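Shown next, in structure tokens, is the structure this report addresses.
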Amino acid sequence: MTQASIIIECGKKSGLGRVRRTLTLARAFVAQGVACDVFVTSGEGSDLVNAMGFTARPVAELPATHDLLIMDTCSFSAEEVSAICATARISCVIDDLAERPVTCDFVINPNLYALDLDYSAYKAQEILRGPSYSLIDDVFFENAKPQDARRGYVVSFGGTDDGSLAAPVAAGLAAQTDEPIYVPIPAYQEPCAALLALDGDKVKILRAPDMAALLGGARTYVGAAGATVLEALAAGCQVCAAATQADQHLNVGFLPTMGVAALDAFDAPQISALALQHSTGGVQAAAVSRGAATSIAQQVGARA
404 MTQASIIIEC GKKSGLGRVR RTLTLARAFV AQGVACDVFV TSGEGSDLVN
454 AMGFTARPVA ELPATHDLLI MDTCSFSAEE VSAICATARI SCVIDDLAER
504 PVTCDFVINP NLYALDLDYS AYKAQEILRG PSYSLIDDVF FENAKPQDAR
554 RGYVVSFGGT DDGSLAAPVA AGLAAQTDEP IYVPIPAYQE PCAALLALDG
604 DKVKILRAPD MAALLGGART YVGAAGATVL EALAAGCQVC AAATQADQHL
654 NVGFLPTMGV AALDAFDAPQ ISALALQHST GGVQAAAVSR GAATSIAQQV
704 GARA
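Letter 2 of the sequence shown, counting from 1, is numbered 405 in our numbering, and no numbers are missing.
As structure tokens, then:
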């Protein structure tokens, strides 16, 4: 049996988006008979790893060699990534920005803007990128309710936010709408005082909720322009996104070309106002592709 090692950067410093997308790919490999061991850079992401059916192990326990290696990291240098990939028979690197030229077998960029990036400096056998390779669990598509059955706003600025960013946005929305406002918070974060003060009938703090079910029933996603944007589109939400980290600027530059409201910097009043303006109409799940993880696993598996 082929054995895969999955390395994921996660936790308070980098969020949880990489966990959901990379383990969506891992599940596709498991479905093809590949055994997957998951290694995380922080134990803060372990709860989500376990909830997705895997066991989180510290990256310090990574074995010396691998049949198949999948890396989804942001702080490792190109030299570090290439060195780890050299220990694998087949290596895959999930890469968002095309700014870290590495040597590997497959580069995967699941972002909508990926087709516009230059990967000529990378030494890779194949580059798999763009909407056809969106790493989104099918459950986000399956939970999407009809537009007339949707209600509420999901305000989330990722696993790095304790509510300090979400709270002023949620407060701005609460002052202008009667719809419920849901603020998901990871299990490892303690909600900040400003968010706790809002928790009640209209603004509801949700600890580690089922994001597919939450987005599938909400009208609008308001938050960080990271991996959750793709999940929100797959779930049929309207989207209003803002860049809160440096690696999200390419996304906010591209999203308006699709009619999605996006800001290049965090501005709570402006984000709230845009979200209220864009609560109906716009792009839906057609922007992203269902079954992409299975397609990638098949392409990589053909080489294994």
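Just so you know, even glycine gets a beta-carbon here, dropped at the ideal spot from N, CA and C. Computed from a prediction, not measured in an experiment: that's the story for all the values here.
Exposure label - residue i; buried when at least 16 CB within 10 Å
i	result
ARG421	buried
PRO492	Note that residue 492 is Arg in the sequence shown here, rather than Pro. Flag for ARG492 reads exposed.
ILE699	buried
ASP604	exposed
GLN435	exposed
GLY662	exposed
THR647	buried
ARG532	buried
GLY456	exposed
PRO594	buried
ALA705	exposed
ALA517	buried
PRO549	exposed
PRO659	exposed
Beta-carbon proximity of residue i to residue j, cut-off 8 Å
i	j	result
GLU726	THR444	Here the chain covers residues 404 to 707 and nothing more, so residue 726 does not appear.
ALA547	GLY414	no
ALA438	ALA407	yes
ALA635	LEU653	no
ARG424	ALA630	yes
ASP602	ASP499	no
VAL655	ALA645	yes
ASP450	ALA611	yes
ALA627	SER559	yes
ASP508	ALA527	yes
VAL496	MET474	yes
LEU471	ILE487	no
LEU677	THR580	no
C-alpha gap between residue i and residue j, whole angstroms
i	j	result
ALA695	ALA552	27 Å
TYR624	ALA664	11 Å
LEU419	ALA690	22 Å
THR563	SER417	6 Å
LEU598	ALA590	15 Å
MET614	VAL462	26 Å
LEU428	THR697	7 Å
GLY685	GLN641	With a pLDDT of 47 at GLY685, under the threshold of 50, the predicted position of this residue should be treated as unreliable, and no value is reported.
LEU573	GLY561	Checking the displayed sequence, the identity of residue 573 turns out to be Ala instead of Leu. Answer to the nearest angstrom: the Cα atoms are 14 Å apart.
ILE409	GLY446	15 Å
CYS643	GLY448	26 Å
VAL433	ALA467	22 Å
TYR556	THR405	43 Å
Chain-order list of residues whose beta-carbon lies under 6 Å from that of residue i (same chain, five-residue window excluded)
i	result
LEU465	PHE442
GLN592	ASP565
Contacts around residue i, its chain only, beta-carbon distance under 7 Å, and the 5 residues preceding and following it disregarded
i	result
ILE530	VAL510 and TYR522
SER692	PRO534, SER535 and SER537
CYS477	GLU412, SER417 and ASP650
GLN673	LEU666
GLY575	ALA671, PRO672 and SER675
Own chain, CB closer than 8 Å to residue i, minus 5 neighbours either side, in chain order
i	result
ASP519	PHE657
ARG554	GLU582, PRO583, GLY620, ALA621 and ARG622
LYS607	PRO583, ILE584, TYR585 and VAL586
ALA688	Only weak support is given to the placement of ALA688: the predicted model assigns it a pLDDT of 48, under 50, and the value that follows is read from those uncertain coordinates. For ALA688, where only same-chain residues beyond five positions count, the Cβ hits under 8 Å are PHE544, ALA547, LEU636, ALA637, ALA638 and GLY639.
ALA731	Given that the chain is displayed from residue 404 to residue 707, the structure contains no residue 731 and the question cannot be resolved.
ALA668	ALA645 and ALA646
message: Quick test of the definition: if touching needs 3 or more C-beta pairs under 8 Å, does the stretch 566-579 touch the stretch 543-550?
response: Segments in contact, no.
task: Could you say if the stretch 475-488 and the stretch 499-516 meet the contact criterion of at least three C-beta pairs nearer than 8 Å?
output: Using a C-beta cut-off of 8 Å, the stretch 475-488 makes contact with the stretch 499-516, since at least three inter-stretch Cβ pairs fall below that distance.
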